[in-house]
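Asker: Provided herewith is a single structure, encoded as structure tokens, for subsequent inquiry.
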Amino acid sequence: LDLMSSHISHLPPAMSFARVDGHGMNAEELSKNPAFAGGQWWVQDLNEDPALSFAADGEYDAVLCMAGVQYLQEAESVFAECSRVLKPNGVMIVAFTNSFFYQKAIYGWSERGMATRAKLVRDYMRAAGGFDDITIEGDGTGLVAQLASIGGLGGDPFAAVVGRKNGS
């Protein structure tokens with residue numbers, strides 16, 4: 001499940017998937033996403049309704065949320081739903097960069113650095129429940145990443161928080 005997607009999915013081009021379903025806010029963009037050709041997609045404002053009612057319990061092997069978490073007002077509720085729709089031992093990957101729409105981001109996101117944003121997302125997963133082995137990958141705190149992003153010199157620090165659903 002590609003959560004909070006658009007006209008593209010950030011999936012490895014070398015990998016093939018039996019089915020990719022998508023969720024987003026813009027029907028026109030979602031209809032143009034080639035990753036959803038073998039699946040389906042839905043439009044839903046998760047800030048108005050965080051329930052992933054379109055998905056069955058344990059339906060997905062993985063949930064990907066790329067560059068969207070900073071806009072979720074009820075992230076813990078959405079993450080709890082992600083846990084519900086994941087199969088046992090399924091994986092949730094929440095990734096983000098330093099680029100976002102400041103006016104649309106939740107309060108406090110812009111004041112945090114990459115490392116504290118990653119910890120916030122990790123805490124969302126913990127609070128949602130159902131996830132084990134939560135790790136932070138590439139929190140953008142390395143010297144090269146920080147120097148590259150100063151003053152628009154190029155580069156955009158990347159962080160991903162990865163959680164595995166409890167097996168049963």
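If you read the sequence shown in full-length UniProt numbering, its first letter stands for residue 1, the second for the next number, and so on.
Every residue gets a Cβ at the ideal spot worked out from N, C-alpha and C, and that includes glycine.
Ordered along the chain, which non-local residues of its own chain (more than five positions away) have a Cβ less than 7 Å from that of Ser83?
Answerer: The count along the sequence shown starts at 1 and reaches residue 83 at position 83. Cβ neighbours of Ser83 beyond the five flanking positions: Ala128, Gly129, Gly130, Phe131, Lys165.
Asker: Looking at Arg122: is its Cβ nearer than 8 Å to the Cβ of Ile106?
Answerer: Translated into the one-based positions of the sequence shown, residue 122 becomes position 122. Translated into the one-based positions of the sequence shown, residue 106 becomes position 106. Not in contact: Arg122 and Ile106 (Cβ atoms no closer than 8 Å).
Asker: Can you list the alpha helix (DSSP H) stretches of 4 or more residues lying completely in the stretch 80-104, in chain order?
Answerer: DSSP runs (the alpha helix (DSSP H)) wholly in the stretch 80-104: none.
Asker: CB Phe1 to CB Val63, shorter than 8 Å?
Answerer: Position 1 of the sequence shown, counted from the start, is the residue given in the question as residue 1. Position 63 of the sequence shown, counted from the start, is the residue given in the question as residue 63. Per the sequence shown, the amino acid found at residue 1 is Leu instead of Phe. In contact: Leu1 and Val63 (Cβ atoms closer than 8 Å).
Asker: If I'm right that Asp21 touches Phe36 with Cβ under 8 Å, what's the distance once you round it to whole angstroms?
Answerer: Locating residue 21 in the sequence shown gives position 21, counting from the first residue. Locating residue 36 in the sequence shown gives position 36, counting from the first residue. Rounded, the Cβ-Cβ distance is 7 Å, consistent with contact.
Asker: Three or more beta-carbon pairs under 8 Å between the stretch 67-77 and the stretch 88-108, yes or no?
Answerer: Touching, yes.
Asker: Compare the Cα-Cα distances from Ile8 to each of Ala18, Ser31, Ser16, Asn89 and report the closest residue.
Answerer: Position 8 of the sequence shown, counted from the first residue, corresponds to residue 8. Among Ala18, Ser31, Ser16, Asn89, the Cα nearest to that of Ile8 belongs to Ser31.
Asker: Can you tell me whether DSSP reads Glu29 as helix, strand or coil?
Answerer: For this step, residue 29 is matched to residue 29 along the sequence shown. Correct three-state label for Glu29: helix.
Asker: Any idea if Phe17 is buried or exposed, counting beta-carbon neighbours within 10 angstroms, 16 or more meaning buried?
Answerer: The sequence position of residue 17 within the sequence shown is 17, counting from 1. Burial call: exposed.
Asker: Please say whether Ala159 and Ala75 have beta carbons closer to each other than 8 Å?
Answerer: Here residue 75 refers to the residue found at position 75 when the sequence shown is read from its first residue. Here residue 159 refers to the residue found at position 159 when the sequence shown is read from its first residue. The answer is no: Cβ separation not under 8 Å.
Asker: Output the boundary residues of the beta strand (DSSP E) element that contains Arg164.
Answerer: Taking the sequence shown and counting its residues from 1, the one referred to as residue 164 is at position 164. Arg164 -> beta strand (DSSP E) spans 158-165.
Asker: Quick one, are the C-beta atoms of Pro23 and Ser6 less than 8 Å apart?
Answerer: Residue numbering aside, residue 23 sits at position 23 when the sequence shown is read from its first letter. Residue numbering aside, residue 6 sits at position 6 when the sequence shown is read from its first letter. It is His, not Pro, that sits at residue 23 in the sequence shown. Taking 8 Å as the Cβ cut-off, His23 and Ser6 do not qualify as a contacting pair.
Asker: Mind checking whether Lys87 and Tyr60 have CB atoms under 8 Å apart?
Answerer: The residue you call residue 87 lines up with position 87 of the sequence shown. The residue you call residue 60 lines up with position 60 of the sequence shown. Yes.
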